[in-house]
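K.L.:
What follows is a single structure, and I will ask about it in a moment.
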Amino acid sequence: MNTRHFNQLPKPYLAYAKVVQGLVFKKAKIALVLPEVKYIVDSFKVDQQHLKAYNDICGFKQNGYIPAIYLAVLSQSLQMQMMTQEAFPFELLGLVHIRNQITQHRKIGSNESLTLSCQFGELRPHEKGLEFDFITTVKVADDIVVEAVTTYLSRQKTSETVKNKVVVEKIDYQLKDLWTVPENTGRRYAMISGDFNLIHIHALTAKAFGFKQAIAHGMWTKARALATLNLADAYYADVWFKLPLFLPSKVEFLTAEERKLTAFLIQNHKDQKPHVSGKVSAL
């Protein structure tokens with residue numbers, strides 16, 4: 001496996017020139033194989049003002065600790081570099097973020113020195129194309145403090161029928177809160193996360209990609225949910241992104257608790273269609 005080292009997190013917008021090229025020039029077909037590379041930011045500390053802005057928009061407390069999902073968001077800058085600088089076999093535009101898993105092994109102080117690495121996981125068949133993972137690892141010295149798996153779907157024609165196993169559970173959710181999500185949420189979050197995908201920015205740019213309105217970032221929605229819960233010092237959070245959360249919207253946040261496990265659901269207030277479902281368990 002090839003390894004590329006960075007002395008700081010690359011700026012996400014530096015990769016957007018190649019993303020824009022994808023709108024103009026068709027990507028040459030290459031083998032459907034993920035590059036065997038690992039990108040590593042060898043040592044860094046989070047920017048305190050940036051962390052504060054992230055906490056503000058997502059609803060986390062300013063308590064001197066780093067939300068694990070914030071570190072997963074920072075890893076997206078490495079993911080963008082990996083998809084634009086390596087022999088990545090898929091078009092970036094059109095990739096769908098379908099799942100995100102995060103494990104926090106302990107609380108991370110906002111002044112701790114961190115090492116962040118990211119690499120491709122496995123490529124798997126999906127009933128709507130192919131799915132693949134990014135695997136992120138965050139260390140303090142030699143200790144792993146956060147692990148994350150981000151799963152994307154590349155929609156395409158498949159030559160065989162693949163049925164992804166879906167387990168339908170009957171969960172007795174209870175309404176916990178009602179959120180009003182403003183129209184400018186996508187733009188505000190993009191300024192912090194660096195994810196300026198046009199489907200999140202404005203209704204006009206979202207319509208160019210087939211959406212009636214701009215949609216909220218999935219990672220903002222997950223963070224908003226985690227910020228609402230009483231998280232243990234060590235926990236595992238698994239989230240599936242379902243139907244788009246259009247902006248603006250009014251949504252219901254529902255939970256079901258059992259011992260060390262909390263299941264949650266974010267659904268539309270009007271028609272109860274699901275946007276995000278997830279589970280959080282204490283370790």
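1 is the number of the first residue of the sequence shown in UniProt numbering; add one for each residue after it. Glycine included, each C-beta is placed from N, C-alpha and C at the ideal position.
With 16 as the cutoff for other CB atoms within 10 Å, does residue 151 come out buried or exposed?
P.N.:
By 1-based counting over the sequence shown, the position of residue 151 is 151. Result: buried.
K.L.:
Do you know how far the Cα of residue 141 is from the Cα of residue 7?
P.N.:
Locating residue 7 in the sequence shown gives position 7, counting from the first residue. Locating residue 141 in the sequence shown gives position 141, counting from the first residue. In a straight line, the C-alpha of residue 7 is about 16 angstroms away from that of residue 141.
K.L.:
With a 10 Å radius around its C-beta and 16 neighbouring C-beta atoms as the bar for buried, classify residue 30 as buried or exposed.
P.N.:
Residue 30 sits at position 30 when you count from the first residue of the sequence shown. Answer is exposed; the Cβ neighbour count stays below 16.
K.L.:
Quick one: what does DSSP say residue 38 is sitting in, helix, strand or coil?
P.N.:
Indexing the sequence shown from 1 puts residue 38 at position 38. If DSSP states are grouped into helix, strand and coil, residue 38 belongs with the strands.
K.L.:
I need the boundaries of the beta strand (DSSP E) containing residue 267, first residue and last residue.
P.N.:
Position 267 of the sequence shown, counted from the first residue, corresponds to residue 267. Its beta strand (DSSP E) spans residues 261-268.
K.L.:
Leaving out the 5 sequence neighbours to the left and right, which residues in its chain are closer than 8 angstroms to residue 269 when beta-carbon positions are compared?
P.N.:
One-based indexing of the sequence shown puts residue 269 at position 269. For residue 269, where only same-chain residues beyond five positions count, the Cβ hits under 8 angstroms are 178, 249, 250, 251, 252.
K.L.:
Taking a contact to mean a Cβ-Cβ separation below 8 angstroms, would you say residue 254 touches residue 173 in this structure?
P.N.:
Position 254 of the sequence shown holds residue 254. Position 173 of the sequence shown holds residue 173. It is a contact, given that the beta carbons lie within the stated cut-off.
K.L.:
If residue 89 sits next to residue 33, beta carbons under 8 angstroms apart, how far is it from one beta carbon to the other, in whole angstroms?
P.N.:
For the purposes of this step, residue 89 is identified with residue 89 of the sequence shown, where counting begins at 1. For the purposes of this step, residue 33 is identified with residue 33 of the sequence shown, where counting begins at 1. Rounded, the Cβ-Cβ distance is 7 angstroms, consistent with contact.
K.L.:
Could you check whether the region 40-58 touches the region 129-136, counting it as contact only if at least three pairs of C-beta atoms, one from each stretch, sit closer than 8 angstroms?
P.N.:
No: fewer than three Cβ pairs fall under 8 angstroms.
K.L.:
Confirm, please, whether the CB-CB distance from residue 138 to residue 221 is below 8 angstroms.
P.N.:
Your numbering for residue 221 matches position 221 in the sequence shown. Your numbering for residue 138 matches position 138 in the sequence shown. Result no, Cβ atoms of residue 221 and residue 138 do not sit closer than 8 angstroms.
K.L.:
Can you round the beta-carbon distance between residue 192 and residue 57 to whole angstroms, since I take them to be within the 8 angstroms contact cut?
P.N.:
In the sequence shown, the residue the question calls residue 192 occupies position 192. In the sequence shown, the residue the question calls residue 57 occupies position 57. Confirmed, Cβ separation roughly 6 angstroms.
K.L.:
Evaluate residue 126 with the Cβ neighbour count: other Cβ atoms within 10 Å of its Cβ, from every protein chain shown; 16 or more gives buried, anything less gives exposed.
P.N.:
Residue mapping note: residue 126 aligns to position 126 of the sequence shown, counting from 1. By the 10 Å Cβ count, residue 126 comes out buried.
K.L.:
For residue 365, collect the residues of the same chain with a Cβ closer than 6 angstroms to its Cβ; drop the 5 residues on either side in sequence, then sort them by chain order.
P.N.:
Limits of the chain in this structure are 1 at one end and 283 at the other, which puts residue 365 out of reach.
K.L.:
In the DSSP output, what is residue 235 paired with across the bridge?
P.N.:
Counting from one through the sequence shown, the residue named residue 235 turns up at place 235. Its beta-bridge partners are 104, 282.
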